[in-house]
Ligand SMILES: Cc1cc2nc3c(=O)[nH]c(=O)nc-3n(C[C@H](O)[C@H](O)[C@H](O)COP(=O)(O)OP(=O)(O)OC[C@H]3O[C@@H](n4cnc5c(N)ncnc54)[C@H](O)[C@@H]3O)c2cc1C
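Here's what the structure looks like:
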């Protein structure tokens, strides 16, 4: 049973909040240091190898932004972090390879971009150069139902991809909230996790192989087998690499039969820690329901109008016998009070909505920080990190929920906000992130669960990676010796200079 190929029309990314602030103007740049010089001769050479090259100032301004909250703040006053000199929209792997070959020979930075839904400045071209918009590479090239695998092009948007799979009777099981905003290449490059990751896994589990173009234009394809003992797994090198090691042009992903049966439940706990213990117990017994979400009391009140309760939502799907067995383990271990199951329906109805951030971003400076915590340390990490963030001048709220559960750990998602003065926002964002992230690291958690590193967390990578940072740098130097791929990210050294210190830039005032 093989279906090949299935067309999915390419489309443009969804408009990023704050757009009106930069529409029709040439925005000013906020980052320190200067961009790499790009002359007309380079642009002409680029136009010879790529059909679609855009040097219009308004288009370049669009590609100078993603969903990083500070970038949205800057946009409201007509600023962006850094403008690229050109936007290239390759239509096939040959064009991607030719662009990278040219950029490598001439030492021009190239930053890959998918839906630009990264929330940490991941796809911002901090040294200028070329932004490589991969959204023209769209569609399924092969679907092998018997092998439960699909070959998909990197620029395919998540919602169109999943809809197409479901029509064929399958699912990839990857459901980020940003389903409409993000592409498959971005999912892999950020090592993303969807809302059903407890059952289907994260992108590290879902990705079987990638086809990637290296900095010098060579094309490599990693092994497609779901298990192999032929040396280290080269696929995983690209999962979470954020465009710094190669450009992913397509991937082979695991798929599953579309679920026909679902069961849900909701429970209320008197404390966050009691909810954590319940999830830990059923996870230890091997129960892996698709959705596991435990909200602290503040978030429970915000989402479900409850009072002093910590709400746990469970939603499972799949084979009826397996779902029933899993749910009976969950019920047995959730000794909190059963709550209204319609809360799950309420969450399912809203789970992909993206709030109108334009007003919120100025009023409340909302942001999020997701990390992984082992069960033994999770409760302390939750209490200490929220307290550390609250202690930063200007912070008004710091809350959290668990949104991914694994046998030995869980993904903890902090939400915070404040009312810092406009001019003080870059400093506030840096300080609150430093306080939260360093508290998590000191208590035995990690730096990032599924949003990646981007520009926001680059300075913390050395602290988080420790001795393995040197090995990552060696891999970078071997695969991209001139350092052209997304420089300034992942805490890697760059031949273009140090990663700009964005926090020292006062939020520009008009
Ligand atoms: C409202 C909202 C909700 C979100 N919810 C989730 C969630 O539930 N789960 C989750 O995991 N994330 C979530 N995110 C974060 C974001 O959507 C993910 O990180 C997503 O995977 C990024 O995909 P993208 O196509 O937009 O990539 P971009 O933002 O364009 O790029 C992200 C990084 O990947 C690199 N990159 C992109 N494409 C390629 C490629 N083909 N080859 C090499 N490198 C590439 C870029 O250089 C950059 O470093 C959310 C974001 C928003 C705004």
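Residue numbers (this note's numbering): 1457 to 1966.
Even glycine gets a Cβ: it sits at the ideal position worked out from N, Cα and C.
Note that the structure is predicted; figures quoted are calculated from it, not measured.
Query	Result
Residue 1651: buried (16+ other C-beta within 10 angstroms of its C-beta) or exposed?	buried
Answer yes or no: the CB of residue 1633 versus the heavy atoms of ligand 1, is any distance below 7 Å?	yes
In whole angstroms, what separates the C-alpha of residue 1947 from that of residue 1716?	44 Å
Give the straight-line distance between the Cα atoms of residue 1810 and residue 1471, rounded to the nearest whole angstrom.	12 Å
Looking only at DSSP bridge pairs, what is residue 1596 linked to?	1462, 1608
Please find out if some non-hydrogen atom of ligand 1 comes closer than 7 Å to the beta-carbon of residue 1594.	no
According to DSSP, is residue 1791 part of a helix, a strand, or is it coil?	coil
Helix or strand or just coil, what does DSSP make of residue 1902?	coil
Could you spell out where the alpha helix (DSSP H) holding residue 1661 opens and where it closes?	1659-1662
Ligand 1 and residue 1638: does the residue's C-beta get closer than 7 Å to at least one heavy atom of that ligand?	yes
Quick one: using the 10 Å Cβ neighbour count with 16 as the cut-off for buried, is residue 2017 buried or exposed?	An answer regarding residue 2017 cannot be provided, because it is not within the stretch 1457 to 1966 covered by the chain.
Output yes or no for whether 8 Å exceeds the beta carbon distance between residue 1896 and residue 1841.	yes
Which ranges does the beta strand (DSSP E) cover as unbroken runs of at least 3 residues, wholly within the segment 1606-1680, from first to last along the chain?	1663-1669, 1675-1677
Could you give the DSSP three-state label for residue 1830: helix, strand or coil?	strand
Hey, out of 1704, 1775, 1820, whose CA is closest to residue 1528's CA?	1820
Since I believe residue 1953 is in contact with residue 1968 (beta carbons under 8 Å), could you give me their beta-carbon distance rounded to a whole number of angstroms?	What the structure shows of the chain is the stretch from 1457 to 1966, and residue 1968 is not part of that stretch, so it cannot be assessed.
Taking DSSP as the reference, what is the three-state secondary structure of residue 1797?	coil
What distance in whole Å lies between the Cβ atoms of residue 1945 and residue 1910, which are believed to be in contact at a cut-off of 8 Å?	7 Å
Are residue 1822 and residue 1525 touching if we call contact CB-CB under 8 Å?	yes
How far does the alpha helix (DSSP H) with residue 1528 in it reach, from first residue to last?	1525-1532
Do you know how far the Cα of residue 1519 is from the Cα of residue 1543?	8 Å
Apart from the five residues just before and just after residue 1618, which ones in its own chain have a Cβ nearer than 8 Å to its Cβ?	1627, 1628, 1630, 1631, 1635
Between the alpha carbons of residue 1966 and residue 1877, how many angstroms are there, rounded?	Below a pLDDT of 50, predicted positions are generally treated as unreliable, and residue 1966, at 47, falls in that range; no measurement from the model is reported.
Restricting to Cα atoms, I'd like to know which of 1777, 1834, 1522 is closest to residue 1475.	1522
Beta carbon of residue 1575: closer than 7 Å to some heavy atom of ligand 1?	yes
Please tell me whether residue 1566 and residue 1487 are closer than 8 Å, where the distance is taken between their beta carbons.	no
Using a Cβ-based criterion (distance less than 7 Å to any ligand heavy atom), does residue 1692 qualify as near ligand 1?	no
Return helix, strand or coil for residue 1555, following the three-state DSSP convention.	helix
According to DSSP, simplified to helix, strand and coil, what is residue 1770?	strand
With a 10 Å radius around its C-beta and 16 neighbouring C-beta atoms as the bar for buried, classify residue 1796 as buried or exposed.	exposed
Determine the burial state of residue 1720: buried for a count of at least 16 other Cβ atoms within 10 Å of its Cβ, exposed for fewer.	buried
Can you tell me whether DSSP reads residue 1860 as helix, strand or coil?	strand
Tell me the residue span of the beta strand (DSSP E) that contains residue 1870.	1865-1874
Within a Cβ cutoff of 8 Å, which residues of the same chain sit near residue 1894, ignoring the five residues on either side of it in sequence?	1844, 1916, 1919
Would the beta-carbon of residue 1645 be found less than 7 Å away from any heavy atom of ligand 1?	yes
Please name the residue, chosen from 1538, 1580, 1578, 1568, that lies closest to residue 1591 on a Cα-to-Cα basis.	1568
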